[in-house]
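Everything on this sheet refers to the single structure shown next.
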């Protein structure tokens, strides 16, 4: 292999090979964090006994510590924890721990977004749904949820961009995603041209984030078309009167 | 290997020694970020030609790129930059002796400034247009009107976000161990390197961050409550 720095194009092509891992980790964490976040929100809104204080501590811890330390605690701590139950997870891929951390971190933030969004829906909407004899599930999925989405979307967009950016720390436990590959390329070149590699990495993350932001904007626009937001405004007007 | 409580307790205590430095650095970074962010916000509000376009790209780039990548870019390009500047101005600074602290301060204040510029822009926009007009009508210059009338009012709106950004900066400084700045997490890492008890050290560090965040949140809530009290008294 020829020593010395690669051209910018070579670096880009090499890094591109590992973008799917970044995207996979992001997508998987986002989906799981979404469902866990909804469960956490439900516990907080319904004030489920026993679980409620537990969830409060979880959210406080998750929001009060840096994600990097959560990554280390989960990476080094969960094997010890699982060992208590006789399960050996030392052989598991780092990606599993990476996803665990991102889910742990983002489910709490998601619940912080979802709870106020849920509470922002006018109480009259609940009453109206009840008055026409809807079941609990029908009420949530047909009446409440469609109104929560437009309120929560802008914050969820920020959350997804933060999630993409947070994947950049996963190289510290050895995940070879976009950032991990950059580290390897630099190590292969004995550190020559590392600034240009990192600049390419930065531009790639920027591009991914921009696409994500654009996607969220599109969904926001689509929601406006369905006039969920205007229905909400109507509810608020009633409230004021 | 089992969990060793004694090591954890020792690590917990030793982690507190770096807390003041971390808090001070976060304060400096936030102050710089607010100043830079204010200029960006003003450029974007007044739509300064060329600069306003640049500011938009700058904010988008900073918000879309991971902090750690930016940190590496600054950290690894700083020696060359210092050498180049040294040649340009004829000062002899050994580029290899530049402390990583400078990279941390530069990167973090630039990164946070992008977020703060949005916050400040929103806060300035929240001040009623009539305030500026009233200031002009009694003969204030634009700079006077901004400094004496608009900024004090915008500050109230912006402060809660400043507080959050301060806590965010303290948490984000945990990334700075990658370039050799010893903050709470780096201290934990150093501890665990001595005794190979990783989980104890990291949990201890997590506890320090957690307590710090809870305490700061309490203090900031009080400050915000105080600001709200003033708001009801003001004629606005």
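Residue numbers (our numbering), protein chains in the order written: chain V, 1 to 241; chain Y, 1001 to 1236.
Each residue gets a CB set at the ideal place from its N, CA and C atoms; glycine is no exception.
Query                                                                                                                            : Result
Under 8 Å by beta carbon: chain V residues contacting residue 1198 of chain Y                                                    : 72 and 76
Neighbouring residues, chain A, relative to residue 179 of chain V (Cβ below 8 Å)                                                : The chain inventory of the structure shown lacks chain A, comprising the protein chains V and Y.
Residue 1188 of chain Y beta carbon less than 8 Å from that of residue 1015 of chain Y                                           : yes
Residue 1077 of chain Y, DSSP secondary structure in three states                                                                : helix
Where residue 1141 of chain Y falls, given that 16 or more other Cβ within 10 Å makes a residue buried                           : exposed
Own chain partners of residue 1217 of chain Y with C-beta closer than 6 Å, once the 5 adjacent residues on each side are dropped : none
Where the alpha helix (DSSP H) containing residue 305 of chain V begins and where it ends                                        : This structure gives no information on residue 305 of chain V, because the portion of chain V shown stretches from 1 to 241.
Residue 50 of chain V - DSSP class collapsed to helix/strand/coil                                                                : coil
Contact under 8 Å by Cβ, residue 1065 of chain Y with residue 107 of chain V                                                     : no
Beta carbon proximity, residue 209 of chain V to chain Y, threshold 8 Å                                                          : yes
Residue 1084 of chain Y, buried or exposed, once every other Cβ within 10 Å from all chains shown has been counted against 16    : exposed
Range of the contiguous alpha helix (DSSP H) that encloses residue 148 of chain V                                                : 145-166
Under 8 Å between C-beta atoms of residue 170 of chain V and residue 98 of chain V                                               : yes
Neighbour flag for residue 22 of chain V against chain Y, beta carbons, 8 Å                                                      : no
Cα-Cα separation between residue 179 of chain V and residue 1200 of chain Y, rounded to whole angstroms                          : 28 Å
Inter-residue CB distance, residue 223 of chain V and residue 150 of chain V (contact presumed, cutoff 8 Å)                      : 5 Å
Chain Y contact for residue 104 of chain V (CB, 8 Å cutoff)                                                                      : no
CA nearest to the CA of residue 952 of chain Y, picked from V:127, V:63, V:207 and V:124                                         : Not covered by the structure: residue 952 of chain Y. The range shown for chain Y is 1001 to 1236.
Buried versus exposed, by CB contacts within 10 Å (16 or more), residue 194 of chain V                                           : buried
Own chain residues within Cβ distance below 7 Å of residue 1007 of chain Y, not counting five before or after                    : 1195, 1197 and 1200
Rounded straight-line distance, which links the Cα of residue 1045 of chain Y to that of residue 1111 of chain Y                 : 20 Å
Cβ-based burial, residue 8 of chain V [other Cβ within 10 Å; buried from 16]                                                     : exposed
Residue 227 of chain V versus residue 221 of chain V: straight-line alpha-carbon distance, rounded                               : Reliability of the predicted coordinates at residue 227 of chain V is poor, the pLDDT of 48 falling under 50, and no value is obtained from them.
contact_flag[the stretch 205-220 of chain V, the stretch 1168-1175 of chain Y] where n(CB pairs < 8 Å) is 3 or more              : no
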